[in-house]
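Sequential numbering from 19 applies to the sequence shown in our numbering.
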Amino acid sequence: MTLFLKNKHTLQIDGYYLKCCVGKNGISKKKLEGDHKTPKGTFGIQHLYYRKDRCKKPETSLKCIEIKKNMGWCDDVNYPKKYNRLVNTKNKVKHEKLQRRDKKYDLLIPIKYNFIKPVTGLGSCIFIHLTKNYKPTAGCIGLRKKDFLIVLKLIKRNTKIKIF
Numbered sequence: 019m020t021l022f023l024k025n026k027h028t029l030q031i032d033g034y035y036l037k038c039c040v041g042k043n044g045i046s047k048k049k050l051e052g053d054h055k056t057p058k059g060t061f062g063i064q065h066l067y068y069r070k071d072r073c074k075k076p077e078t079s080l081k082c083i084e085i086k087k088n089m090g091w092c093d094d095v096n097y098p099k100k101y102n103r104l105v106n107t108k109n110k111v112k113h114e115k116l117q118r119r120d121k122k123y124d125l126l127i128p129i130k131y132n133f134i135k136p137v138t139g140l141g142s143c144i145f146i147h148l149t150k151n152y153k154p155t156a157g158c159i160g161l162r163k164k165d166f167l168i169v170l171k172l173i174k175r176n177t178k179i180k181i182f
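Structure, rendered in structure tokens:
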């Protein structure tokens with residue numbers, strides 16, 4: 019199964035066309051850390067991370083991981099071994115905090131961009147996450163919660179996302 023990001027406003031899965039938002043500076047083949055671009059290409063997806071204190075475990079075949087207070091995703095170019103990986107926020111590496119006050123990361127799926135052998139500086143923390151207002155992201159793909167829950171029911175562990 020494949021998710022298709024048809025353009026900066028439409029994510030398609032099977033017969034569903036879902037409104038979404040992407041990086042503030044659009045979609046690009048030349049992604050760099052902090053450029054606010056969504057990477058172009060075909061990528062795998064990882065597990066579902068969710069806030070148990072804010073929502074119940076969703077119905078999905080993905081492995082589900084509860085977001086804890088000390089969880090972050092490394093975006094620190096000075097730590098190549100931890101770059102674009104889940105990290106403990108107590109470490110002294112720059113990171114994107116997963117347990118946020120806003121509800122964007124109540125549900126999130128890391129996209130496996132620059133993931134297998136990450137190249138420092140080519141971009142990190144590319145997620146499918148929640149949005150309320152479809153404002154542009156820092157490079158992620160944002161979906162409304164009701165649409166995110168539809169996607170979770172349809173996708174499998176081997177699902178890919180193709181970003182045009």
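From the three backbone atoms N, C-alpha and C, an ideal C-beta is built for every residue, glycine too.
As the structure is a prediction and not an experimental result, all values here were calculated from the model.
| Asked | Found |
| --- | --- |
| Pick from His54, Lys130, Ile159 that is closest to Tyr101, judged by C-alpha positions | Lys130 |
| Beta-carbon gap between Leu148 and Leu116 smaller than 8 Å | no |
| Simplified DSSP state of Ile168, which is helix, strand or coil | helix |
| Span separating the alpha-carbon of Gly41 from that of Thr155 | 4 Å |
| Per DSSP, the bridge partner or partners of Pro57 | Ser46 |
| As assigned by DSSP and simplified to three states, the class of Lys17 | Since the first residue shown for the chain is 19 and the last is 182, residue 17 is missing from the structure and cannot be characterised. |
| Residue ranges of each beta strand (DSSP E) within the region 71-126, 3 or longer | 82-84, 89-92, 104-106, 113-115 |
| Check whether Ile45 and Thr56 have beta carbons under 8 Å apart | yes |
| Asn176, buried or exposed, once every other Cβ within 10 Å from all chains shown has been counted against 16 | exposed |
| Reduced DSSP secondary structure (H/G/I, E/B, other) of Lys24 | strand |
| Own chain, CB closer than 7 Å to Tyr67, minus 5 neighbours either side, in chain order | Ile83, Ile85, Leu116, Leu126 |
| Which of helix, strand or coil DSSP assigns to Lys135 | coil |
| Lys49, buried or exposed, once every other Cβ within 10 Å from all chains shown has been counted against 16 | buried |
| DSSP three-state assignment for Lys163, whether helix, strand or coil | helix |
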